[in-house]
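In my numbering, the protein residues as written are 15 to 265. This report refers to the structure that appears directly beneath it.
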C-alpha cells in the first residue's frame, strides 16, 4: 500500500522491496532534465513498460521474457537511435528519483551505488512493485499517460520501435505536432485560477499538482452549476461534488 498522505505531502516513498527510498521530484527539479517534459514523460513511460501493451504476435515473439528482461534488453541495445535515446530518458528519470546514487544498467538489474553502503538493485523480482509506485507517484494512469512512450525491446526491438515511430508520425501529421507541457500548463492555470504565485506551484510534485488541478476543475464545474441554478436554469445536469474522493484506487 502507498499511503495517500505520503503522496500528497510530497515526502519520499519507501521502496522496501529494494531497500531504497524514492524521491518525489518537484516540477522545478523536473525542469532540469535536458529535453524537458517530453523527456520526462517518455522516460516514465519506458520505465512503466509492460508486455501487455504489445500485440499478441509481438508477445509471442519475445517468448517467456519478463517485463524487466525486455526493458533491459531495450535499454542496453545500441543498434537503434530510438533505443539509445530511451536509455538517456530513463537514466534522467532515475537520477531524479534516486538523486543520491550512481546508477548502472545491466541485463540482470539496475544497480544503485552509494559510498559506504551496500549496492541496491531493481530486478525482475521487485520491478512490478517499482512500477506500481512510479505509476501512482507520477499519475501515469491519469492525465500524463498519453505522453508515455513504450519502447519495447529484445530480439524484435528495432522492428517494433520502427512500427511505433511510424504510428507516431502518422498521428502527428493528422493532429499536428504539439509540445508536451502538462506540468507547466497546470501550474500556469492554477496560479491564475487560484490567485497564487506561480513559484508556489513550481515547488509542487507531479502528484500534488495533478491532485489540485483535478480538484480545481471539479470546484469550477460545481460553482458554475450553483450559479446556473440560482439564475433559474432548468434541466441542468448535477455535477460530481468537488469534495469527492479523487484517489479511490491508490494502493
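From the three backbone atoms N, C-alpha and C, an ideal C-beta is built for every residue, glycine too.
Closer than 7 Å by C-beta to residue 226: which residues in its own chain qualify, once you throw out the five before and the five after it? Chain order, please. Walking along the chain shown from the start, residue 226 turns up at place 212. Hits under 7 Å: 204.
Cβ atoms of residue 216 and residue 106: under 8 Å apart, would you say? Here residue 106 is taken as the residue at index 92 of the chain shown, counted from 1. Here residue 216 is taken as the residue at index 202 of the chain shown, counted from 1. Taking a C-beta distance under 8 Å as the contact criterion, residue 106 and residue 216 do not qualify as a contact pair.
Around the Cβ of residue 58, are there at least 16 other Cβ atoms within 10 angstroms (buried) or fewer (exposed)? As a first step, residue 58 must be located in the chain shown, where it is residue number 44. So residue 58 counts as buried.
At least 3 beta-carbon pairs within less than 8 Å: the stretch 119–133 vs the stretch 67–87: Output reads yes: the stretch 67–87 touches the stretch 119–133.
Below 8 Å on the Cβ atoms is my contact criterion, and I expect residue 150 with residue 100 to pass it. Report the Cβ-Cβ distance as a whole number of Å. Numbered from its first residue, the chain shown carries residue 150 at position 136. Numbered from its first residue, the chain shown carries residue 100 at position 86. Contact annotation, residue 150 with residue 100: C-beta distance approximately 22 Å; criterion of less than 8 Å not satisfied.
Pop quiz: residue 1 and residue 17 are said to be a contact at Cβ under 8 Å. What is the actual Cβ separation, rounded to whole angstroms? Shown here, the chain extends from 15 to 265; a query on residue 1 therefore has no answer.
Please go through the same chain and pick out, in chain order, the residues whose beta-carbon is closer than 7 Å to the beta-carbon of residue 201, but skip the five residues on each side of it. Mapped onto the chain shown, residue 201 falls at position 187. If we look at residue 201 and ignore the five residues flanking it on each side, its Cβ neighbours are 41, 212, 215, 216 and 223.
Do you know how far the Cα of residue 142 is from the Cα of residue 34? Taking the first residue of the chain shown as 1, we reach residue 34 at position 20. Taking the first residue of the chain shown as 1, we reach residue 142 at position 128. The straight-line gap from Cα to Cα measures roughly 15 Å.
Sequence-distant residues of the same chain with beta carbon closer than 7 Å to residue 92, five excluded per side: Taking the first residue of the chain shown as position 1, residue 92 is located at position 78. If we look at residue 92 and ignore the five residues flanking it on each side, its Cβ neighbours are 98.
Apart from the five residues just before and just after residue 131, which ones in its own chain have a Cβ nearer than 8 Å to its Cβ? Residue numbering aside, residue 131 sits at position 117 when the chain shown is read from its first letter. None.
Reduced DSSP secondary structure (H/G/I, E/B, other) of residue 137: Locating residue 137 in the chain shown gives position 123, counting from the first residue. If DSSP states are grouped into helix, strand and coil, residue 137 belongs with the strands.
Would you kindly work out how many angstroms separate the C-alpha atoms of residue 248 and residue 242, rounded to a whole number? Translated into positions along the chain shown, residue 248 becomes position 234. Translated into positions along the chain shown, residue 242 becomes position 228. CA-to-CA, the gap between residue 248 and residue 242 works out to about 8 Å.
Cβ of residue 114 within 8 Å of Cβ of residue 128? Counted from its first residue, the chain shown places residue 114 at position 100. Counted from its first residue, the chain shown places residue 128 at position 114. In this structure, the beta-carbon distance from residue 114 to residue 128 falls below 8 Å.
Under a Cβ-count criterion, where at least 16 other Cβ atoms within 10 Å of its own Cβ denotes burial, should residue 254 be classed as buried or exposed? Locating residue 254 in the chain shown gives position 240, counting from the first residue. Its Cβ having fewer than 16 others within 10 Å, residue 254 is exposed.
Where do the N-terminal and C-terminal ends of the beta strand (DSSP E) with residue 29 fall, by residue? Sequence index remark: in the chain shown, residue 29 carries index 15 (1-based). Element bounds for residue 29: 27–29.
Give me, in chain order, the residues of the same chain whose beta-carbon lies closer than 8 Å to that of residue 221; leave out the 5 immediate sequence neighbours on both sides. Here residue 221 refers to the residue found at position 207 when the chain shown is read from its first residue. Excluding sequence neighbours, residue 221 sits near 21, 22, 24, 38, 150, 151, 152 and 153.
Please state whether the Cβ-Cβ distance between residue 44 and residue 148 is less than 8 Å. Looking up residue 44 in the chain shown gives position 30. Looking up residue 148 in the chain shown gives position 134. Contact flag unset, no.
Could you check the C-alpha separation between residue 72 and residue 48 for me, to the nearest Å? For the purposes of this step, residue 72 is taken as the residue at position 58 of the chain shown. For the purposes of this step, residue 48 is taken as the residue at position 34 of the chain shown. Residue 72 and residue 48 have their C-alpha atoms spaced approximately 32 Å apart.
Give me the Cβ distance between residue 144 and residue 134, rounded to the nearest whole Å; I'm assuming they're in contact under 8 Å. Within the chain shown, numbered from 1, the residue matching residue 144 stands at position 130. Within the chain shown, numbered from 1, the residue matching residue 134 stands at position 120. Wrong, their Cβ atoms sit about 11 Å apart, outside the cutoff.
Where in the stretch 82–152 do unbroken runs of the beta strand (DSSP E), each at least 3 residues long, occur, reported from the N-terminal end onward? Contiguous beta strand (DSSP E) elements confined to the stretch 82–152 occur at 116–119, 123–127 and 134–137, taking only those with 3 or more residues.
Tell me, which residues are paired with residue 252 by DSSP? On the chain shown, position 238 is the one that residue 252 refers to. Residue 252 is bridged by DSSP to nothing; it lacks a bridge partner.
By the 10 Å Cβ neighbour count, where 16 or more other Cβ atoms means buried, how is residue 246 classified, buried or exposed? For the purposes of this step, residue 246 is taken as the residue at position 232 of the chain shown. Residue environment analysis places residue 246 among the exposed positions, since fewer than 16 neighbouring C-beta atoms fall within 10 angstroms of its C-beta.
Pull up the DSSP beta-bridge partners for residue 35, would you. What you label residue 35 is simply residue 21 of the chain shown in a count that begins at 1. For residue 35, which the question treats as bridged, DSSP gives the partners 28.
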